[in-house]
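As you go down the protein sequences, you meet chains R and Y in turn.
The opening residue of the first sequence carries number 0 in numbering that gives the first Met the number 0; numbering runs sequentially from there.
The opening residue of the second sequence carries number 0 in numbering that gives the first Met the number 0; numbering runs sequentially from there.
Glycine residues also receive a C-beta, built at the ideal position from the N, C-alpha and C atoms.
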Amino acid sequence: MAIKGKAKLRGEKVQVKLLIKHIMETGLRVDAETGNKIPAYHITEVVGSWEGKEIFRSNLGPAVSKNPYLSFQLKGPSVGDTISFSSVDNKGIKDSGAAVVK
Amino acid sequence: MNLINQSRRILLKSFGFCLSLPLLSGKLFASWPEEAFMSTEIDKAIGELYGHPPQASDLVKLKVPDIAENGAVVPISVSTDIENVESISIYVEGNPNPLAATFELSPYIVAAVSTRIKMGKTSNVVAAIYSGGTVYTATQEVKVTIGGCGG
């Protein structure tokens with residue numbers, strides 16, 4: 000559970016913010032010692048779900064900043080509902096997290 | 000015996016095919032759009048993603064700083080009043096591969112997203128919104144200062 004999420008009800012909308020720990024290597028940097036390019040290593044996909052339904056999907060490239068921050072707004076969930084998140088990177092490593100609407 | 004074996008094989012084969020079909024189509028829609036992310040031009044990346052040419056629109060609200068002191072972390076917000084938005088995507092003209100991120104929205108999502116992106120140098124940032132077969136875009140320049148002392 001390394002994806003940190005927050006979900007807060009504001010009026011009719013739920014503001015969801017998430018922070019994922021990841022190096023987000025661009026693949027353009029050169030290793031100073033060996034002179035070789037450091038291979039790209041980044042999150043490719045982030046999915047948000049509510050009540051078993053996929054409600055949000057984001058495809059990320061290496062140009063998203065290190066430790067990606069994403070925020071979006073939802074209509075529907077109410078206080079106490081759980082929004083769950085999952086991510087996968089280009090090596091296939093998965094991560095997940097959840098937030099309870101406050 | 001031989002006949003039974005043969006028909007069993009056919010049955011097994013067709014089972015395998017039926018099982019792989021939904022998996023395949025699911026993957027097609029969900030897979031990372033590599034062609035668009037590898038594209039070196041914004042218009043090509045937009046065409047790759049949506050299959051339609053972009054048109055500039057006041058309805059797309061793009062919020063980025065005029066000056067970014069740190070190109071590694073540039074906050075960006077995109078929102079719109081356009082209805083039934085299916086997708087939002089973000090591009091940096093000066094990056095080797097302009098496409099930074101895409102957001103696929105469901106009817107539960109309000110068309111307003113924020114994230115943080117990397118910019119190699121001063122350039123235009125473009126936000127594209129896809130709704131009902133049309134791609135609407137907004138463009139704004141962001142000055143990237145190295146070391147925070149102007150340049």
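- When Cβ pairs closer than 8 Å are counted between the two stretches, the segment 37 to 49 of chain Y is seen not to touch the segment 57 to 66 of chain Y, the count staying below three.
- Residue contact with chain R for K117(Y): present (Cβ-Cβ distance below 7 Å to some residue of chain R).
- About 38 Å separates the CB atoms of F36(Y) and G79(R); that is not less than 8 Å, and the two are not in contact.
- Contact check between the segment 66 to 80 of chain Y and the segment 25 to 32 of chain R: fewer than three CB pairs, one atom from each, fall below 8 Å, which does not count as touching.
- Annotation: G47(R) to E53(R) spans about 6 Å, alpha carbon to alpha carbon.
- With its beta carbon less than 7 Å from one in chain Y, F71(R) belongs to the interface.
- One alpha carbon belongs to L17(R), the other to V112(Y), and they sit about 12 Å apart.
- Within the same chain, and ignoring the five residues on either side of P76(R) in sequence, the residues whose Cβ sits closer than 6 Å to its Cβ are V13, W49, V100.
- Distance from the CA atom of E82(Y) to the CA atom of T101(Y), rounded to whole angstroms, is 18 Å.
- Burial is judged here by how many other beta carbons sit within 10 angstroms of a residue's own beta carbon; Q54(Y) has fewer than 16 and is exposed.
- For the segment 31 to 53 of chain R, the beta-carbon criterion of a distance under 8 Å to any beta-carbon of chain Y is satisfied by T43, E44, W49, K52, E53.
- Listed along chain Y, the residues sitting closer than 7 Å to R56(R) by beta-carbon distance are E103.
- A Cβ of chain Y is located within less than 7 Å of the beta carbon of K74(R).
- Contact between I66(Y) and K142(Y) holds: CB atoms are separated by about 5 Å, below the 8 Å threshold.
- One alpha carbon belongs to A126(Y), the other to G34(R), and they sit about 35 Å apart.
- Leaving aside the five residues that flank S70(R) on each side, the residues in its chain whose CB is nearer than 6 Å to its CB run, in chain order, K16.
- Nearest to P64(Y) by alpha-carbon distance, out of N123(Y), I87(Y), G131(Y), E40(Y), is N123(Y).
- DSSP, reduced to helix, strand and coil, places A98(R) within a strand of the structure shown.
- Cα atoms of K7(R) and E103(Y): separation of roughly 21 Å, rounded to the nearest angstrom.
- Taking all protein chains in view, the Cβ of T43(R) is crowded by 16 or more other Cβ atoms within 10 Å, so the residue is classified as buried.
- Shown here for G119(Y): same chain residues with a beta carbon closer than 7 Å to its own, the five before and five after excluded, namely G70, G93, N94 in chain order.
- Only V91, N94, P95, N96, L98, A99, A100, T101 from the segment 86 to 101 of chain Y bring a Cβ to less than 7 Å from some Cβ of chain R.
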